[in-house]
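Written out below as structure tokens is the structure these notes cover.
Residue numbers (the numbering used here): 34 to 158.
The following block contains the structure:
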């Protein structure tokens, strides 16, 4: 069965990198993306992905704020939300966990490393 991942990231290059890493897993996964976190939250009222990846550094609202809003949407409260960024501090990691993030991963310039991290998440959730 094909799974769906929603990527919420304002950087199209990062979306391309994450999409490539997800394809490298070899798993049957459909990637959807939204560059605007506010639109992504609205879209989630009708979309029920299997996983949600949220960038931390975005305009309008940051990843923690986006995560908090996602957790208010009843139909997807149990969907694993993964916060990712190029630099996740311990403070951000603790806040993300408190808000219900399933995991926090750092963006990697290494496609194999990023692919391994994504596989761990998919295999655990």
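Ideal placement from N, C-alpha and C gives every residue a C-beta, glycine not left out.
If you draw a straight line from the alpha carbon of residue i to that of residue j, how long is it in whole angstroms?
i	j	result
residue 134	residue 114	5 Å
residue 57	residue 66	17 Å
residue 101	residue 59	31 Å
residue 7	residue 142	Nothing can be reported for residue 7, as the shown portion of the chain is limited to 34 through 158.
residue 99	residue 38	16 Å
residue 42	residue 156	23 Å
residue 62	residue 69	22 Å
Does the distance from the C-beta atom of residue i to that of residue j stay below 8 Å?
i	j	result
residue 152	residue 53	no
residue 96	residue 83	no
Leaving out five residues on either side along the sequence, give the residues of the same chain with a beta carbon under 6 Å from the beta carbon of residue i.
i	result
residue 147	54 and 141
residue 49	none
residue 36	62 and 83
Only counting the same chain, and skipping five residues up and downstream in sequence, which positions put a Cβ closer than 8 Å to that of residue i?
i	result
residue 154	84, 113, 115, 135, 136 and 138
Looking only at its own chain, which residues have a Cβ that is under 7 Å from the Cβ of residue i, when we skip the five neighbours before and after it?
i	result
residue 78	106
At least three beta-carbon pairs within less than 8 Å, the region 116 to 129 to the region 138 to 151:
They touch, by the three-pair rule.
Can we say the region 102 to 111 touches the region 122 to 129, given the rule of at least three CB pairs closer than 8 Å?
Contact fails: fewer than three Cβ-Cβ distances are below 8 Å.
Sequence ranges, alpha helix (DSSP H) only - wholly within the region 87 to 119, length at least 4:
Listed in chain order, the complete alpha helix (DSSP H) runs (minimum 4 residues) inside the region 87 to 119 are 96 to 103.
Taking only runs that begin and end inside the region 51 to 91, name each unbroken alpha helix (DSSP H) of 4 or more residues, in chain order.
Qualifying alpha helix (DSSP H) stretches, in chain order: 70 to 76.
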